[in-house]
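Quick note on the numbering used here: the sequence shown kicks off at 444 and runs consecutively. By construction, the Cβ of each residue, glycine as well, lies at the ideal position given by its N, Cα and C atoms. Bear in mind that the values here come from a model prediction, so they are computed numbers and not experimental data.
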Amino acid sequence: MISDLRDAFNADFRPEDYQRLLRRLDERAGTKVEFRVAETPVFLPLAQLESMADSGIALTERLLAWPEYLKGAEKSIPEGFQVAGLPEDLRRSHPNFLTADFALVKTAGSELQPRLVEIQAFPSVFAYQAMLCEEYTKVYGLPESLGVFLGGLDRDGFWALFRETVVGNHAPENVVLTEVDPWRQKTLPDFLLTAERLGIAVVDIASLVPVGRKLHYRNKLGSLVPIHRIYNRAIADEMMARRVELPFRLTDPWDVEWAGHPNWYFLISKYAVPWFCLPEAGKAGSVVPPAVFLSDFLNGDGLERLRAAGVPLSDAAAGETVYEELLLKPLFSFAGKGIQFAPTRAELEGIGEEERGNYLLQQRMRFEPTIRTPHGLTQAEIRILYLWPDGGKLTPAISLVRLGRGKMMGVDHNRNQEWVGASAALWR
């Protein structure tokens with residue numbers, strides 16, 4: 444990373460400053476930040492962030508120009524979650540939000556290179572992340588010359604693009620942020636900051652009121668207000684897991700715009716990762732570790748394709764055979780849920796044939812510890828957050844960083860540790 448900035452930060456760090464950071468985050472968000480915030484930001488060269496951002500754009504553009512992929516991805520949308528409102532030809536549409544997560548790994552030549560962890564057409568914590576970067580800079584007295592925003596954006600440009608993408612041409616009163624039970628979500632700080640900045644309401648998706656072909660919400664006075672645009676933060680797999688019953692059918696053609704149409708959650712997701720490993724993906728797929736669908740691994744040529752890509756795999760096929768170099772991932776889980784390291788053959792075969800298309804096997808990446816901390820070298824996973832307003836262009840806007848020293852990088856997987864958790868990248 445940027446050694447002089449890291450050395451200066453570590454030398455000047457005081458625990459009382461970190462406690463002040465946490466207090467300021469809670470104050471500005473208007474609620475307690477429940478997930479762990481890392482003691483430190485990460486200092487990265489701008490060129491490194493731009494390289495990741497460009498890779499995410501190239502991967503997305505390849506998918507959107509790939510009819511066979513889009514047709515397959517559309518079939519992956521579960522029954523009851525095929526939301527109306529997208530054109531039949533998906534190449535005439537695009538998601539409003541995108542995130543691309545990258546690991547930093549060492550290549551055979553000992554160079555540090557980014558590799559895609561996953562890509563998802565779904566919003567992330569835009570408002571919170573902008574605030575976190577500001578507070579890191581203020582509390583620790585970091586140089587104001589350090590950059591935060593990407594894609595040529597400055598602070599004003601970021602907020603203008605965020606507003607354009609979320610609100611569109613509508614009055615904020617008629618735009619809502621929807622989530623499942625938003626007041627109990629760990630991302631509530633982002634919801635509240637978004638509502639404050641954009642002037643929109645935060646609403647439980649299960650409380651929307653259908654009248655005719657329009658959806659409504661109740662404002663603070665209890666009056667019904669028509670919704671013209673929905674900034675959707677409700678995750679489909681959470682609604683399925685909680686068995687949330689909505690007062691309206693998602694599949695009906697409602698007279699409403701979606702800022703982040705729900706179908707894109709499935710159309711660009713971990714489902715895309717095995718496709719990136721096909722020859723048809725071209726150069727864009729060069730940053731993606733080898734992966735195949737579980738169904739192809741057990742019933743097709745997936746195992747041979749992984750071997751051909753250089754993944755060392757055992758010839759044995761007994762139940763106790765362990766695939767040390769593979770990760771088993773469910774396609775539509777969030778925050779790392781259900782990921783299994785080094786699965787056995789028996790565990791793979793224990794997944795029913797009808798479900799195997801909903802899992803992928805991917806070569807395990809070993810994150811290179813690169814961040815020097817008082818607790819030793821720490822790993823970083825870097826997420827690029829993109830905005831894509833209606834009629835606009837796909838723009839990398841800001842980054843998010845997860846720091847960890849465990850097998851997985853999510854904040855829930857690095858508990859009871861220090862100098863890990865949710866962080867941010869400042870660039871020079």
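Counterpart residues of residue i in DSSP-defined beta bridges
i           : result
residue 449 : DSSP lists no partner for residue 449.
residue 797 : Residue 797 is not bridged to any residue.
residue 590 : 870
residue 675 : 621
residue 533 : DSSP, once it has assigned bridges, lists no residue as partnering residue 533.
residue 646 : 621
residue 541 : 829
residue 480 : 865
residue 824 : 546, 845
residue 771 : 783, 804
residue 756 : Per DSSP, none; premise fails for residue 756.
residue 669 : 659
residue 734 : 805
residue 711 : Looking at the DSSP assignment, residue 711 forms no beta bridge with any residue, so it has no partner.
residue 486 : 869
residue 765 : 787
Candidates the options, of which the one nearest residue i by Cα
i           : options            : result
residue 541 : 496, 471, 524      : 496
residue 630 : 571, 751, 485, 512 : 571
residue 519 : 768, 813, 714      : 714
residue 807 : 771, 831, 457, 489 : 771
residue 456 : 792, 584, 546, 505 : 584
residue 537 : 709, 642, 557, 813 : 709
residue 606 : 861, 840, 865, 546 : 840
residue 693 : 667, 728, 652, 547 : 652
residue 498 : 838, 775, 576      : 838
residue 667 : 832, 619, 735      : 619
residue 863 : 836, 461, 502, 588 : 461
residue 825 : 561, 458, 502, 453 : 561
residue 865 : 829, 871, 847      : 847
residue 814 : 467, 459, 487, 463 : 487
residue 484 : 829, 516, 582      : 582
residue 625 : 644, 724, 617      : 644
residue 740 : 783, 703, 796, 697 : 796
residue 850 : 811, 473, 664      : 811
residue 669 : 684, 869, 646, 689 : 646
residue 706 : 564, 472, 448, 822 : 564
residue 471 : 517, 783, 633      : 633
residue 748 : 577, 447, 735      : 735
residue 766 : 833, 832, 802, 783 : 783
residue 464 : 568, 547, 447, 580 : 580
residue 621 : 661, 654, 820      : 661
residue 489 : 663, 588, 774, 801 : 588
residue 458 : 639, 447, 514, 817 : 817
residue 534 : 512, 547, 548      : 512
residue 426 : 761, 454, 529, 500 : Nothing can be reported for residue 426: it is not among the residues displayed for the chain, which extend from 444 to 871.
residue 776 : 656, 712, 758      : 712
Inter-residue CB distance, residue i and residue j (contact presumed, cutoff 8 Å)
i           : j           : result
residue 754 : residue 733 : 5 Å
residue 611 : residue 700 : 7 Å
residue 658 : residue 691 : 6 Å
residue 641 : residue 609 : 6 Å
residue 731 : residue 843 : The Cβ separation is near 20 Å, so there is no contact.
residue 804 : residue 769 : 5 Å
residue 727 : residue 718 : Contact flag wrong, Cβ pair sits at about 10 Å.
residue 492 : residue 823 : Not quite, the Cβ-Cβ distance comes to about 12 Å (not below 8 Å), so this is no contact.
residue 649 : residue 673 : Their Cβ separation, rounded to whole angstroms, is 13 Å, which puts residue 649 and residue 673 out of contact at 8 Å.
residue 473 : residue 575 : About 15 Å; that fails the 8 Å criterion.
residue 682 : residue 623 : 6 Å
Host alpha helix (DSSP H) of residue i (start-end)
i           : result
residue 716 : 716 to 719
residue 700 : Careful: residue 700 lies outside any alpha helix (DSSP H), inside the beta strand (DSSP E) at 700 to 702.
residue 524 : No alpha helix (DSSP H) holds residue 524; DSSP gives it neither H nor E.
residue 737 : 737 to 742
residue 582 : 569 to 583
residue 559 : First-last for residue 559: 555 to 563, but that is the beta strand (DSSP E), not the alpha helix (DSSP H).
residue 566 : Unbroken run through residue 566: none, as it is neither H nor E.
residue 458 : 458 to 472
residue 751 : 745 to 751
residue 664 : Here residue 664 belongs to no alpha helix (DSSP H), and DSSP marks it neither H nor E.
residue 634 : 631 to 641
Continuous beta strand (DSSP E) stretch holding residue i: start and end
i           : result
residue 839 : 838 to 847
residue 606 : Residue 606 -> not in any beta strand (DSSP E); alpha helix (DSSP H) instead, spanning 598 to 610.
residue 492 : From DSSP, residue 492 is part of no beta strand (DSSP E) but of the alpha helix (DSSP H) over 489 to 507.
residue 653 : 652 to 654
Is the region 582 to 601 close to the region 671 to 691, with three or more CB pairs under 8 Å? No, because fewer than three Cβ pairs between the region 582 to 601 and the region 671 to 691 fall closer than 8 Å, the two stretches do not touch.
Inter-stretch contact at 8 Å, needing at least 3 Cβ pairs: the region 470 to 480 / the region 537 to 553: Contact between the region 470 to 480 and the region 537 to 553 is absent: fewer than three C-beta pairs spanning the two stretches fall below 8 Å.
Could you tell me whether the region 786 to 793 touches the region 497 to 514, where touching means 3 or more Cβ pairs closer than 8 Å? no
Check whether the region 735 to 745 and the region 600 to 607 touch, using three or more Cβ-Cβ pairs below 8 Å as the test. no
Does the region 516 to 532 touch the region 543 to 561, meaning 3 or more C-beta pairs lie closer than 8 Å? no
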